[in-house]
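Asker: Be aware that the sequence shown starts at 299, since it is given in my numbering, and climbs by one per residue.
Idealized CB from N, CA, C, for every residue including glycine.
Let me give you the structure first, and then I'll get to my questions.
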Amino acid sequence: MPKVTVVDFMRTVLKEFEVEKGTKLLKALIDNEVDIVHTCGGNAKCTTCRVTIHKGVPTKKTQAQHDRFEKMMRSGATQFDHPAVFLSCQVVVENDMTVSASETFNRVIHDSPGKDTEDKITPDPVWVDHEVPDWWGG
Ligand code: FES
C-alpha cells in the first residue's frame, strides 16, 4: 500500500500512514486526522485543501483543478502557478507521497475545517497530463 508522509514547511514529519491504492488524498488526510481545511467538501471550488507534493507528484491532474488554478492565476494568485501544488480533493494516491497542507484550521479565519467529502473525486474527473519538471525532483 502507498505511504503518505505529511510534513510541515520545514519538512519535519508530522504523520505517516498507509492507504489503499486509489484513495482520494483529501479523504486519506481527513481519515488520518491531518489538520487541513476543506471548505467546499472536495469539489474543486474553494482551494483550501491545497497541498504541496514534495515527493510523488502525480503526472495527471483533473480538468477541474486545472480550470480552478487558471481562474485563480488570472486573479493574480501566483501560488497556483507551481507544478507541485495540487488540490488534495483532486488527487488519487497511487504511489508513496510526501505532502504539506497549505491551510490548517484556524478559528479566526475559518468557521470549521470544512464539509464532509465523498470517497470519490468530484466532479467526475477528466484527467489531463501534468508535467513535473526535473528541478522539482518529486
Ligand atoms: S477545493 Fe474545496 S475541498 Fe478541495
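What's the call for residue 373, buried or exposed, on a 16-neighbour Cβ count within 10 Å?
Answerer: exposed
Asker: Expressed to the nearest angstrom, what Euclidean distance is found between the alpha-carbon atoms of residue 328 and residue 334?
Answerer: 7 Å
Asker: By the 10 Å Cβ neighbour count, where 16 or more other Cβ atoms means buried, how is residue 431 classified, buried or exposed?
Answerer: exposed
Asker: Quick one, which of 435, 385, 346 has its alpha-carbon nearest residue 419's?
Answerer: Closest by alpha carbon: 385.
Asker: Near residue 403, which residues of its chain fall below 7 Å by C-beta distance, leaving aside the five closest residues on each side in sequence?
Answerer: 333, 335, 411
Asker: Flag residue 354 as yes when its Cβ comes closer than 7 Å to any non-hydrogen atom of ligand 1, and as no otherwise.
Answerer: no
Asker: Using 8 Å as the Cβ pair cut-off and three pairs as the minimum, do the region 337-357 and the region 380-394 touch?
Answerer: With the cut-off at 8 Å, the region 337-357 and the region 380-394 touch.
Asker: Shorter than 7 Å, the distance from the beta carbon of residue 341 to the closest heavy atom of ligand 1, or not?
Answerer: yes
Asker: Taking the beta strand (DSSP E) that residue 399 falls in, what are its first and last residues?
Answerer: 395-399
Asker: In whole angstroms, give me the CA-to-CA distance for residue 369 and residue 353.
Answerer: 26 Å
Asker: Under the criterion of a Cβ to heavy atom distance below 7 Å, does residue 336 qualify as lining ligand 1?
Answerer: yes
Asker: When you measure from the CB of residue 345 to every non-hydrogen atom of ligand 1, does any distance come out below 7 Å?
Answerer: yes
Asker: Measuring from the CB of residue 323, is there a heavy atom of ligand 1 at a distance below 7 Å?
Answerer: no
Asker: By the 10 Å Cβ neighbour count, where 16 or more other Cβ atoms means buried, how is residue 401 classified, buried or exposed?
Answerer: buried
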